[in-house]
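If you're matching positions, the sequence shown starts at 410 in the working numbering and goes up one per residue.
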Amino acid sequence: MSGPKRKVYIRTFGCQMNVADSELMAQLLADDYDLTTSPGEADLYLVNTCAIRRKSEAKVLSLLGELRSLKRRRPELIIGVGGCVAQQEGERLLAQVPHLDLVFGTRGIYRLPRLVSRAARERTVDVDLEEGCAPPPRRRWAPGKAQAFVTIMQGCDNFCSFCVVPYVRGREVSRPPEHIIAEVADFLAQGGAEVTLLGQNVNSYGRGLAEPVIFPELLRRLAALPGLRRLRFATSHPKDLSPELIGLFGALPVLCEHLHLPVQAGADRVLAAMNRGYSRQDYLEKVEQLRAACPDLSLSTDLIVGFPGETEADFQDTLDLVRRAGFHQAFSFKYSPRPQTRAAALPDQVPEEIKTDRLVRLNELLGEMQLAAHHRLVGREAEVLVEGRSKRSPWELAGRLRTNQVVNFSGPPHLVGRFATVRLTAAHPHSLRGELASGPPPA
Ligand code: 5AD
Ligand code: SF4
410 MSGPKRKVYI
420 RTFGCQMNVA
430 DSELMAQLLA
440 DDYDLTTSPG
450 EADLYLVNTC
460 AIRRKSEAKV
470 LSLLGELRSL
480 KRRRPELIIG
490 VGGCVAQQEG
500 ERLLAQVPHL
510 DLVFGTRGIY
520 RLPRLVSRAA
530 RERTVDVDLE
540 EGCAPPPRRR
550 WAPGKAQAFV
560 TIMQGCDNFC
570 SFCVVPYVRG
580 REVSRPPEHI
590 IAEVADFLAQ
600 GGAEVTLLGQ
610 NVNSYGRGLA
620 EPVIFPELLR
630 RLAALPGLRR
640 LRFATSHPKD
650 LSPELIGLFG
660 ALPVLCEHLH
670 LPVQAGADRV
680 LAAMNRGYSR
690 QDYLEKVEQL
700 RAACPDLSLS
710 TDLIVGFPGE
720 TEADFQDTLD
730 LVRRAGFHQA
740 FSFKYSPRPQ
750 TRAAALPDQV
760 PEEIKTDRLV
770 RLNELLGEMQ
780 LAAHHRLVGR
790 EAEVLVEGRS
800 KRSPWELAGR
810 LRTNQVVNFS
820 GPPHLVGRFA
830 TVRLTAAHPH
840 SLRGELASGP
850 PPA
C-alpha cells in the first residue's frame, strides 16, 4: 500500500477477554491500519461488544445510534461490530442499524482483514462459530509493557442457566500449551513481568487437546520461565477447582495470592437451578482448603441477585455465604434474562424493585467486608506493580498488590510498569493509600 496508512479506532466493552481480543484485532489489521485514539480521524471504527447483561447490550446499541452522524459526515468510514452482541444478533444488527457495514462474531476476529476489505464493497456478516480458532499471530508487545493478558482457551461448555456465553462464544477450545508458553516467554524476554491467563473456565483447560495437559501442569511450566514475577488467572469454576490446583497456591512462588472464584448464589436450590454443579457446602469447603494452603489468599467472587424463583430466604443464604467465605472483593449483579438461556424462560421472574433492594443490601455487606480487608493491610509494607497514574489524581500513581487490591501513592512517573515497595497507610472502600518506601531508580 502506498501513502499513509489508514486508521482504525476500536471501542471495547466488557471483560478482559474482550480487551485481549481488541488487541488481537489491532494486530491482525496492522498491515493496513494504524490504531488511533481519536474516533474522528478513523477510516475504520470497530466496536467490540458484550452481551452478558441487557445493560451491556443497551450501551452498544446506544453507541451505534450515535455513530450515525459520524458516518453521515464521512460516508467512506467503515463501521464494524464484533464480539458477543454481534454473534448473538448477526444479520438482525445489519437490518436494525442502516449505517453499519460489518458484523463479525467472536471467532470472526481471525478473519477480520478479509472481512474488512469485503465490507468496503458490500455489507458483510460473519458469525460462523464452527470454524475453529486459527492460531493467533505472534503478538507484538508495546515497549515497556509489564502486564499482559494471555487467552488460553475460547468458549464454554458449562451452560449455567443464566449465561449467554456458551451461545456467543461457542464450545470450549484450548490453545496448545506450546503456543501459550512461547507467547509468555516472548513477553518476558521483552521485559514483561506479570501475566494473567484468560478463559471462561480455566480449570478445565486442556480437554480435547491432542496431548491433554491439565491446568496445574500449564501453570507449573509457565512458572518455570525466567523473568516471570507474577502469574494470575481468571476465571475459575468452583466445581472444577481441583485439590492439585489448590495446592499450587503458596507452593508456586510466582502464583499471586489471589483467586477469583464466582459463587453466584448462596442457596442450594438456586445453585441447582443455575446448573452450577456445586452446593454451598462444596464451595465453603473449597474456600477452607484454599485458606489452609495459602493463609494470605485474597478471594474475589461474582454474585447474582434476583435469579428466577429466588426467595428472601434464599437471598439470606447468599448474605450468609458471603460472610462465611470472607470475600476481599466482589462483583454483584441483578439477574438479567438473556436470549436463548434456560433461566430466561423460568416462571417466577423476580420483580425489578426486589432485585434492586437485594442488590443494595448485598452491596452494603460487601462494601463493609472490602473495607475491613483493606484495614487489615494498613501498617504493612507490600510489593506493588505500578500500573499507571491514579484515576482520581493524576499526580499520583496506582498499582496492585499481589492480592489484587489497588494502591494509590505519590511517586515519580518512571515507576510506571515497575515494582515498588509501598507502606500501606490508609484504607478506603475501593483502594488503599500508601507511601513509597523504595523503588528502582530511573532506567
Ligand atoms: N444476569 C446477571 N449477571 C450475569 N452474569 C452472567 N450472566 C448474567 C446474567 N444473565 C454475571 C455472573 C458472571 C459474571 C461475569 O457476570 O456473575 O460470573
Ligand atoms: Fe457462563 Fe457458566 Fe460458562 Fe461462566 S461457566 S461463562 S457463568 S456458562
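Using N, Cα and C, we set each Cβ at its ideal position, and we do this for glycine too.
Own chain residues within Cβ distance below 7 Å of residue i, not counting five before or after
i	result
Leu433	Ile518 and Pro545
Arg767	Val714, Gly715 and Phe724
Val469	Phe422, Val456, Thr458 and Val494
Arg842	Asn817, Phe818, Thr834 and Ala835
Leu476	Tyr454, Ile488 and His508
Pro838	Gly776, Gln779 and Leu780
Glu585	In the sequence as presented, Glu is not what sits at residue 585; that position holds Pro. Excluding residues within five positions, the ones whose Cβ falls inside 7 Å are Leu618.
Val428	Thr421 and Phe558
Gln436	Pro546, Arg548 and Arg549
Delimiting residues of the beta strand (DSSP E) encompassing residue i
i	result
Arg678	Note, Arg678: premise wrong, no beta strand (DSSP E); alpha helix (DSSP H) at Asp677 to Ala682.
Val490	Ile487 to Gly492
Ile419	Arg415 to Thr421
Glu762	Glu762 -> not in any beta strand (DSSP E); alpha helix (DSSP H) instead, spanning Glu761 to Leu786.
Phe513	Leu511 to Phe513
Tyr856	Because the chain here runs from 410 to 852, residue 856 falls outside it and cannot be looked at.
Arg549	Taken as a continuous stretch (DSSP letters only), Arg549 belongs to no beta strand (DSSP E), as it is neither H nor E.
Ala835	Phe828 to Ala836
Leu606	Glu603 to Leu607
Arg798	Glu790 to Arg798
Ala846	Leu841 to Ser847
Beta bridge counterpart(s) of residue i as assigned by DSSP
i	result
Met562	Ser583
Lys743	Val714
Gln673	Leu712
Asp443	Lys416
Ser651	According to DSSP, which records beta bridges pairwise, Ser651 is partnered with nothing at all.
Glu805	Ser819
Gln738	Ser709
Asp535	Phe513
Gln556	Glu603
His588	According to DSSP, which records beta bridges pairwise, His588 is partnered with nothing at all.
His392	Lying before the first or after the last residue shown, residue 392 is absent from the chain, which here runs from 410 to 852.
Status (buried if at least 16 other CB within 10 Å, exposed otherwise) for residue i
i	result
Ser847	exposed
Lys414	exposed
Arg749	Note on identity: in this sequence residue 749 is Gln, with Arg being the wrong assignment. So Gln749 counts as exposed.
Ala739	buried
His737	buried
Ala829	buried
Lys464	exposed
Arg482	exposed
Pro507	exposed
Gly492	buried
His823	exposed
Pro552	exposed
Pro484	exposed
Asp440	exposed
Gly820	buried
Lys764	buried
Opening and closing residue of the alpha helix (DSSP H) in which residue i lies
i	result
Phe724	Glu721 to Ala734
Asp430	Gln425 to Leu437
Ala701	Arg689 to Ala702
Arg530	Leu521 to Arg530
Phe624	Phe624 to Ala632
Ser478	Arg463 to Arg482
Leu706	Unbroken run through Leu706: none, as it is neither H nor E.
Leu640	Run containing Leu640: none in the alpha helix (DSSP H); it sits in the beta strand (DSSP E), Arg639 to Ala643.
Leu453	That residue, Leu453, is in no alpha helix (DSSP H); its beta strand (DSSP E) goes Leu453 to Thr458.
Glu500	Glu500 to Gln505
Cβ-based neighbour list, residue i, same chain, cut-off 8 Å, excluding 5 preceding and 5 following
i	result
Ala632	Leu640, Leu661, Pro662, Val663 and Leu664
Trp550	Ala557, Asp595, Phe596, Gln599 and Gly601
Asn853	Residue 853 lies beyond the range of the chain shown here (410 to 852); nothing can be said about it.
Leu438	Val417, Leu453, Leu521, Pro522 and Val525
Gln758	Pro717 and Pro746
Same chain, Cβ closer than 6 Å to residue i, neighbours up to 5 away in sequence not counted
i	result
Asp711	Pro671 and Phe740
Asp705	Glu666
Tyr744	Ile713, Gly715 and Phe716
Val825	Val795 and Gly797
Tyr692	Pro647 and Val672
Ser359	With the chain represented from 410 up to 852, any question about residue 359 goes unanswered, as that position is not in the structure.
Gly615	Ser583, Pro621, Val622 and Ile623
Any C-beta of chain D under 8 Å from that of residue i
i	result
Ala598	Included in the structure is just one protein chain, with no chain D present.
Are there three or more Cβ pairs, one per stretch, closer than 8 Å when the stretch 571 to 583 is compared with the stretch 491 to 507? yes
Inspect the CB distances between the stretch 552 to 564 and the stretch 601 to 616 and report whether three or more fall short of 8 Å. yes
Check whether the stretch 583 to 594 and the stretch 616 to 628 are in contact - that is, three or more C-beta pairs closer than 8 Å. yes
Does the stretch 499 to 509 come close enough to the stretch 779 to 792 that 3 or more CB-CB pairs lie under 8 Å? no
Does the stretch 808 to 817 come into contact with the stretch 786 to 800, if we say contact requires no fewer than three beta-carbon pairs (one atom in each stretch) closer than 8 Å? yes
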